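Quick note, this note's numbering runs 397 ahead of the 1-based positions in the sequence shown. Don't be surprised by glycine CBs; every beta carbon is placed ideally from N, CA and C. This one's a predicted model, so the numbers in the text were calculated from it and none came from an experiment. To start, the structure under review is shown below, and the notes come after it.
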Amino acid sequence: MSDTIFGKIIRREVPADIVFENDDVLAFRDLNPQAPVHVLFIPKQAVASLDAAGTEHAELLGKLLLATAEYARAEGLAEPGYRTVINCNEAGGQTVYHLHVHLLAGRQMTWPPG
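Dropping the structure here:
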């Protein structure tokens, strides 16, 4: 996998509005928000997409989702509700090939999403 903008954000080579960080996960506000709260959660270990993840990434995937939920609870987003989205590959809307979870909140979500 080639280096991405997310790898550069992890290494602090590109600025980002970082809102959460632990040993395995970094989260920052999306530059093109689709909701009042739109935060991207990325694993610090590069995995291109959910499709590229294997059993060796199971713990990392769990940590990624748990970090998202931890942030949502800490920010008061859990009770009213939030949406998480993982886009996978081109037809799924993925534009940066570094696995990431979108956390969307702060408004009523609709279905289908688009």
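Measuring C-alpha to C-alpha distances from Arg426 to each of Ala466, Gln491 and Ile439 identifies Ile439 as the nearest. Between the segment 412-419 and the segment 479-494 there are fewer than three inter-stretch CB-CB distances shorter than 8 Å, so the stretches are not counted as touching.
Each of Leu447, Leu428, Gly473 and Pro412 was checked against the Cα of Cys485, and the nearest Cα belongs to Leu447. Contact between Leu501 and Val482 holds: CB atoms are separated by about 7 Å, below the 8 Å threshold. Here the alpha carbons of Val434 and Gly473 stand approximately 11 Å from one another. Between the C-alpha atoms of Pro412 and Ala443 there is a straight-line separation of about 18 Å. Counting along the chain, Glu418 sits inside the beta strand (DSSP E) bounded by residues Ile415 to Glu418. Distance from Val498 to Leu463 at the Cβ level is roughly 11 Å; contact not present, criterion being Cβ atoms closer than 8 Å.
Cβ-Cβ distances below 7 Å link Leu458 to Ala450 in the same chain, with the five nearest sequence neighbours on each side left out; the list follows chain order. Taken in chain order, the segment 415-454 contains no complete alpha helix (DSSP H) segment of 4 residues or longer. In the three-state DSSP reduction, Leu496 falls in the coil class, being neither helix nor strand.
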